[in-house]
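Enquirer: Protein chains in written order, with UniProt numbering: chain D, 1 to 234; chain S, 1 to 234. Just so it is clear, CB atoms sit at the ideal spot from N, CA and C, and this is done for glycine as well. Owing to the predicted nature of the structure, the values given are computational and were not obtained by experimental measurement.
Protein chains: 2
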Amino acid sequence: MGESNVKLLGWWASPFVLRARLALRLKSVSYEFIEENLLEPARSELLLKLNPLYKKIPVLIHDGKPIIESQAIVQYIDEVWPHAPSILPSDARQRADARIWISYIDDKLVPALIVRLVAETEDAKRAATAELEETVAMLERALRKLSKGKDFFGGDNIGYLDIAFGPFFLWIEVIDKFNEVKLLSEAKTPSLLRWAHKSFFSHAAVKDLLPDIEKLAEYALKFRPILIARFANK
Amino acid sequence: MGESNVKLLGWWASPFVLRARLALRLKSVSYEFIEENLLEPARSELLLKLNPLYKKIPVLIHDGKPIIESQAIVQYIDEVWPHAPSILPSDARQRADARIWISYIDDKLVPALIVRLVAETEDAKRAATAELEETVAMLERALRKLSKGKDFFGGDNIGYLDIAFGPFFLWIEVIDKFNEVKLLSEAKTPSLLRWAHKSFFSHAAVKDLLPDIEKLAEYALKFRPILIARFANK
């Protein structure tokens, strides 16, 4: 299956990298993990060579050739190792729904998380939190609609949308540690909390892979000045 | 094949809508086209009902249920009508390449086109044009690398990346009509020009569908104040 020839250039705390790792774990594909330390100021020569377009992780290296971008990587993994379990749903409409909501996560949730992380004044923090609350509420509604009361976004089995969202759910929890107003609560997001803590986090392919929230919160404090500097340069 | 039950909510000048129309045409799927006039200030009730998440076109309505977002729609069309011709490449790595470059178009080219269209001062126009030049140069290189000298991005046959990029190539041509510095030229973009004018525009599924450049340029002048107002409100 060419499994011996799989490498992943990534970093433990990156939610985009975790998507690729979750997909590889689900498919039982073994791989070499090459660390790209995001706390270092410069990107590695290997990353610049493999992903000159964006200079971002994750990069999957399969048979010596790079595949970039987490969405493309996860779909590639599902296609190249087509054995069970399937990551993408088998139904075309469910596949479309998963793709639409993953775009929503990447286009709305991720920027809102970053804006909240880099916010420096109380006003900016309040505005960013309000934006995040709205985004999280949309995802709560999406989960209720798509899962139809079952354990995962796609029904009985873990799939594309679960592994695309799960790593960012962790970052919502990290922000809740620092926020007075909580984004996640039994009153506002019962379905998301149940999905995360009863189904997703305890899944065999997930549980040893996700970083501990305390460790991630510590990392967030170190990573925040780097994010702020990056945005100041834009 | 459920073809009689296909509707598309769209607008003739929208490049995102053209992606969906090109996919339907390639698959010979007949459909009812419902116009959402983007020159009108308000969105239709139908659009607000079918796409409350983004309130954007295109919306494909299949068997009464909506599918939104051009990338998800094109993939859905290819999956629901799996007969030849295939829109997505059959090779997993080529599919990954197509997805990566379509993300590049949506994340880099589209915003650069919009920034150029709304630019009001000479300085803003110059900066936006420089950004666009860089983006177009990347796409010229991508075409050379991916097509390996053949007619289309994916080789001998028209496919996903061609239909995703083609409608935006038209808008590059529209901007060139108003710009002193030309983005497209035999010196800078020989491969893109050959692809567009020898292969893409003359393809049977494309040629009667794409709007005329003169008509699109006239439309651009009417649409520009709407775009400017939208960005001023952000």
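For the candidate residues D:42, D:186, D:155, whose alpha-carbon lies nearest to that of residue 226 of chain D?
Expert: Among D:42, D:186, D:155, the Cα nearest to that of residue 226 of chain D is on D:42.
Enquirer: Look at the alpha carbon of residue 49 of chain D and the alpha carbon of residue 59 of chain D, and state the distance between them as a whole number of angstroms.
Expert: Rounded to whole angstroms, residue 49 of chain D to residue 59 of chain D spans 11 Å at the Cα level.
Enquirer: Taking the straight line between their C-alpha atoms, what separation do you get for residue 222 of chain D and residue 179 of chain D?
Expert: Using only the alpha carbons, I get a separation of about 17 Å.
Enquirer: Using three-state DSSP, classify residue 8 of chain S as helix, strand or coil.
Expert: Of the three classes helix, strand and coil, the one that applies to residue 8 of chain S here is strand, per DSSP.
Enquirer: Terminal residues of the continuous alpha helix (DSSP H) containing residue 169 of chain S?
Expert: Where residue 169 of chain S is concerned, the enclosing alpha helix (DSSP H) stretches over 160 to 178.
Enquirer: May I ask you to report which of helix, strand or coil DSSP gives residue 235 of chain D?
Expert: Outside the shown range of chain D (1 to 234) lies residue 235 of chain D, about which nothing can therefore be said.
Enquirer: Would you kindly work out how many angstroms separate the C-alpha atoms of residue 88 of chain D and residue 197 of chain D, rounded to a whole number?
Expert: One C-alpha to the other measures close to 22 Å.
Enquirer: Between which two residues does the beta strand (DSSP E) containing residue 200 of chain D stretch?
Expert: That residue, residue 200 of chain D, is in no beta strand (DSSP E); it is neither H nor E in DSSP.
Enquirer: Using a cut-off of 9 Å between C-beta atoms, extract the partners of residue 219 of chain S located in chain D.
Expert: None at all; the shortest Cβ gap to chain D is about 26 Å.
Enquirer: Using beta-carbon positions only, say whether residue 100 of chain D and residue 68 of chain S come within less than 7 Å of one another.
Expert: Contact: yes.
Enquirer: Compute the distance between the beta-carbons of residue 18 of chain D and residue 167 of chain D, then report whether it is under 7 Å.
Expert: For residue 18 of chain D and residue 167 of chain D, yes; Cβs fall inside 7 Å.
Enquirer: Measure the alpha-carbon distance for residue 173 of chain S versus residue 98 of chain D and round it to whole angstroms.
Expert: About 34 Å.
Enquirer: Flag this pair as touching only if the segment 102 to 109 of chain D and the segment 212 to 222 of chain D have three or more C-beta atom pairs under 8 Å; answer yes or no.
Expert: Touching, no.
Enquirer: If you pair each beta-carbon of the segment 6 to 26 of chain D with each one of the segment 198 to 213 of chain D, do three or more pairs fall below 8 Å?
Expert: Short answer: they touch.
Enquirer: What are the start and end residues of each continuous alpha helix (DSSP H) run of 4 or more residues lying completely inside the UniProt domain "GST N-terminal" (4 to 85) of chain S, in chain order?
Expert: Entirely contained in the UniProt domain "GST N-terminal" (4 to 85) of chain S, the alpha helix (DSSP H) runs reaching 4 residues are, in chain order, 15 to 26, 45 to 50, 70 to 80.
Enquirer: Is residue 223 of chain D helix, strand or coil by DSSP?
Expert: Helix, per DSSP.
Enquirer: Is the distance from the Cβ of residue 57 of chain S to the Cβ of residue 10 of chain S below 7 Å?
Expert: Yes, the Cβ-Cβ distance between residue 57 of chain S and residue 10 of chain S is below 7 Å.
Enquirer: Mind listing the chain S neighbours of residue 103 of chain D? Cutoff is C-beta to C-beta under 8 Å, in chain order.
Expert: Those are 69, 71, 72, listed as they occur along chain S.
Enquirer: What's the gap between the Cα of residue 236 of chain D and the Cα of residue 160 of chain S?
Expert: A question about residue 236 of chain D goes unanswered here, because the residues of chain D that appear run from 1 up to 234.
Enquirer: Just grab the DSSP bridge partners of residue 152 of chain D for me.
Expert: For residue 152 of chain D, which the question treats as bridged, DSSP gives the partners D:155.
Enquirer: From what residue to what residue does the alpha helix (DSSP H) around residue 189 of chain S run?
Expert: Segment: none, residue 189 of chain S is in no alpha helix (DSSP H) and carries neither H nor E.
Enquirer: Looking at chain S, which residues of the segment 127 to 149 of chain D have a Cβ within less than 8 Å of any of its Cβ atoms?
Expert: Hits within the stretch, in order: 138.
Enquirer: Could you check where the alpha helix (DSSP H) with residue 147 of chain S kicks off and where it finishes?
Expert: Residues 122 to 147.
Enquirer: What does the alpha-carbon distance come out to for the pair residue 210 of chain D and residue 62 of chain S?
Expert: Between residue 210 of chain D and residue 62 of chain S, the C-alpha separation is close to 38 Å.
Enquirer: Which residues in chain D sit within 9 Å of residue 99 of chain S, going by Cβ to Cβ distance?
Expert: Here the neighbours are 69, 71, 72, 75, 76.
Enquirer: Identify which residue in S:181, S:148, S:6, S:64 has its Cα closest to the Cα of residue 192 of chain S.
Expert: When each option's Cα is compared against that of residue 192 of chain S, the closest is S:148.
Enquirer: Shortest alpha-carbon distance to residue 20 of chain D belongs to which of D:184, D:175, D:190, D:162?
Expert: Taking only the C-alpha atoms, the option nearest residue 20 of chain D is D:162.
Enquirer: Taking a cut of 9 Å between CB atoms, which residues from the segment 40 to 57 of chain D lie near chain S?
Expert: Within the segment 40 to 57 of chain D, the residues whose Cβ lies closer than 9 Å to some Cβ of chain S are 53, 54, listed in chain order.
Enquirer: Could you check the C-alpha separation between residue 241 of chain D and residue 76 of chain S for me, to the nearest Å?
Expert: Since the first residue of chain D shown is 1 and the last is 234, residue 241 of chain D is not available in this structure.
Enquirer: If we define contact as Cβ-Cβ less than 7 Å, is residue 181 of chain D a contact residue for chain S?
Expert: With 7 Å as the cut-off, residue 181 of chain D does not count as an interface residue toward chain S.
Enquirer: For residue 12 of chain S, which residues from the same chain have a beta carbon less than 7 Å from its beta carbon, with the 5 sequence-adjacent residues on both sides left out?
Expert: The answer, listed in chain order, is 211.
Enquirer: Please confirm whether residue 115 of chain S has its beta-carbon closer than 7 Å to some beta-carbon of chain D.
Expert: Not an interface residue.
Enquirer: So which residues on chain S does residue 95 of chain D lean against when the C-beta distance must stay under 9 Å?
Expert: Here the neighbours are 72, 75, 76, 79.
Enquirer: Please look up how many angstroms separate the CB atoms of residue 130 of chain S and residue 119 of chain S, rounded, as I've assumed it's under 8 Å.
Expert: Not really, about 11 Å apart at Cβ, beyond 8 Å.
Enquirer: Since residue 113 of chain D and residue 175 of chain D are thought to touch, with beta carbons under 8 Å apart, how far apart are those beta carbons, to the nearest angstrom?
Expert: Indeed, because the Cβ distance is near 7 Å, the residues count as touching under 8 Å.
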